[in-house]
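If you're matching positions, the sequence shown starts at 376 in the numbering used here and goes up one per residue.
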Amino acid sequence: MSRIVAQRDVRWARPLLPAARWVVVAVAAREVGEPSRKVSPARGTLNLMSEEHEVEPSATAAPQIDPAIQQHLEDYLGYLLYQRGRSENTVRAYETDLRSLFVFLASQRVTGLDQVTIEELRGWLVRMQEEGLGRTTMARRISAVKNFFVWADRQDLIAEDPALRLQAPKKERRLPHVLQTGQVERLLTDIKEPRTAPSKSSQTSADNPAGQDGAAPSEKDAALAVRNQVIGELLYASGLRISELVSLDVGDVDFERRALRVLGKGNKERMVPFGIPAQRALEFWLRQARELLASADAGNALLIGARGGRLNVRQARKVISDALDRLGDTSASGPHALRHTVATHLLDGGADLRAVQEFLGHSSLATTQLYTHVSVDRLRQSYQQAHPRA
């Protein structure tokens with residue numbers, strides 16, 4: 376193996392999960408002069424499982440997944456990531472859902488995929504029901520398991536697919552909560568207010584300072600407030616997913632066309648417009664505030680965290696969740712509420728359904744149609760209140 380090839384393999388050696396211990400093939404590590412590190416026991420390949428899942432045996436510990444099954448899980452996660460091009464978030468979700476089944480199988484002393492039958496899978500469904508999981512969560516886990524066994528069948532790891540007859544419960548149909556226009560205005564006004572950095576006794580987040588010690592906001596606090604305003608304005612103006620928002624680079628902003636170049640699910644790129652308030656917030660942020668927070672680690676990231684690097688999903692979610700909590704009079708929670716809200720407001724304003732689908736980056740029109748039901752419910756309420764013969 377040449378040095379160039381070995382270095383190219385090293386690009387795989389980055390964590391998918393927090394505390395992950397992915398390593399390259401031991402041979403590659405030696406080729407580039409690095410000490411050999413722990414590799415998967417079955418093959419000299421990447422170890423896709425994170426250390427947080429390695430539990431020391433104890434009386435209360437969850438049953439340990441059979442090593443052979445765990446190896447198949449690692450292979451499948453690698454297949455999703457490198458051959459199917461699934462995002463890291465998607466692969467994390469698959470791992471969590473599949474581990475739910477494999478831990479259950481370990482408790483039933485199942486030691487190989489060829490021993491799994493429909494009876495074990497139905498027993499797993501019963502266990503999830505006993506744990507009080509919602510139908511949506513169960514349906515998602517079943518979908519992950521079905522996809523895994525399709526892959527296992529193609530790899531000749533099983534004689535027949537035991538999940539073919541596994542049926543998911545019907546999903547709960549919940550209409551998304553939508554903010555009123557006045558609530559959105561109050562949220563966007565509140566979110567841009569500077570908040571003083573917390574004192575030692577304060578328990579607030581350094582990335583969303585809200586100290587109550589009465590001190591004037593520092594230059595950094597003011598910069599964070601400008602950034603928070605950009606977060607709120609872009610989420611409402613463009614209906615972005617939170618992961619799409621934090622992935623934006625400075626070069627993704629087209630001020631001339633007032634549009635963002637967004638890389639969505641499935642690595643699909645789309646152009647999303649934004650309005651004048653978002654433009655003003657972005658211009659002020661880039662002209663005066665971003666440089667106050669950005670460190671060398673920030674690179675070309677559009678939005679910066681309190682420590683100077685790219686803003687991450689957790690930090691951005693907290694900014695919006697805290698603002699919604701301060702709003703007080705809404706049951707909405709988290710940044711996805713703004714995505715629901717802008718979709719519904721667009722449809723209420725007469726936007727074409729397929730245009731909204733493209734705007735949101737939905738692969739299926741059926742997903743977008745959910746918001747039409749919200750608008751119909753609002754129409755019915757208005758009708759009942761206003762029509763004399765309602």
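All residues carry an ideal CB built from backbone N, CA and C; glycine is no exception.
> Tell me the DSSP bridge mates of Val628?
Replying inline: Its beta-bridge partners are Leu635.
> Among Val628, Glu594 and Ala656, which one has its Cα closest to the Cα of Glu608?
Replying inline: Glu608 has its Cα closest to that of Ala656, out of Val628, Glu594 and Ala656.
> Could you give the uninterrupted runs of the alpha helix (DSSP H) lying entirely in the segment 439-520, keeping only those of 4 residues or more?
Replying inline: Runs of the alpha helix (DSSP H) lying entirely within the segment 439-520 and spanning at least 4 residues, in chain order: 442-453, 463-482 and 493-505.
> Can you tell me whether DSSP reads Val553 as helix, strand or coil?
Replying inline: Coil at Val553, not helix or strand.
> Just to confirm, are Thr716 and Gln732 a CB contact at a threshold of 8 Å?
Replying inline: It is not a contact, given that the beta carbons lie outside the stated cut-off.
>> Tell me which residue opens and which closes the alpha helix (DSSP H) that Glu535 is part of.
In response: Note, Glu535: premise wrong, no alpha helix (DSSP H); not H, not E.
>> Please return the same chain residues whose Cβ sits closer than 6 Å to the Cβ of Ala664, not counting the five positions on each side in sequence.
In response: These residues qualify, in order along the chain: Ala598 and Val601.
> Can you tell me the Cα-Cα spacing of Glu429 and Tyr457, whole angstroms?
Replying inline: Bear in mind that a pLDDT of 38 at Glu429, under 50, signals an unreliable position, so the model cannot answer this.
> With respect to the beta strand (DSSP E) encompassing Pro648, which residues constitute its N-terminal and C-terminal limits?
Replying inline: That run of the beta strand (DSSP E) goes Glu644 to Pro648.
> Quick one: what does DSSP say Leu745 is sitting in, helix, strand or coil?
Replying inline: Helix at Leu745.
> Helix or strand or just coil, what does DSSP make of Ala656?
Replying inline: DSSP, read as helix, strand or coil, puts Ala656 in helix.
> Ends of the alpha helix (DSSP H) at Ala698?
Replying inline: Per DSSP, Ala698 belongs to the alpha helix (DSSP H) from Val688 to Leu702.
> In the structure shown, what three-state DSSP assignment does Arg662 receive?
Replying inline: DSSP places Arg662 in helix when its eight states are reduced to three.
> Which of helix, strand or coil does DSSP assign to Arg685?
Replying inline: Look at Arg685 here: in three-state DSSP terms it is strand.
>> Whole angstroms are fine: how far does the CA of Ala691 sit from the CA of Lys643?
In response: Approximately 22 Å between the Cα atoms of the pair.
>> Check whether the segment 620-629 and the segment 665-678 touch, using three or more Cβ-Cβ pairs below 8 Å as the test.
In response: Three or more pairs of CB atoms, one per stretch, sit closer than 8 Å, so the segment 620-629 contacts the segment 665-678.
>> DSSP three-state label for Ala718, please.
In response: Three-state DSSP puts Ala718 in a helix.
> Which residues does DSSP pair with Ala676 in a beta bridge?
Replying inline: Asp624.
>> For Gly680 and Ser593, I'd like the C-alpha separation in whole angstroms.
In response: Gly680 and Ser593: Cα-Cα distance of roughly 16 Å.
>> Once the 5 residues before and after Leu667 are set aside, which same chain residues still bring their CB inside 7 Å of it?
In response: Closer than 7 Å at Cβ, skipping near neighbours: Glu594, Lys595 and Ala598.
> If you drop the 5 nearest sequence neighbours on each side, which residues of the same chain put their C-beta closer than 7 Å to that of Pro537?
Replying inline: The beta carbon of Pro537 is closer than 7 Å to those of Val491, Thr492, Ile493, Leu496 and Phe524 in its chain, skipping five residues each way along the sequence.
> Going by Cα to Cα distance, which pick from Ile606, Gln555, Val485 and Ala730 is closest to Gln771?
Replying inline: Past the edges of the chain, shown from 376 to 765, lies residue 771, and the structure says nothing about it.
> In whole angstroms, what separates the C-alpha of Lys693 from that of Arg682?
Replying inline: Distance between the alpha carbons of Lys693 and Arg682: 15 Å.
> In terms of alpha-carbon separation, which member of Lys640, Phe649 and Gly641 lies closest to Phe630?
Replying inline: Of the listed residues, the one whose Cα sits closest to Phe630 is Phe649.
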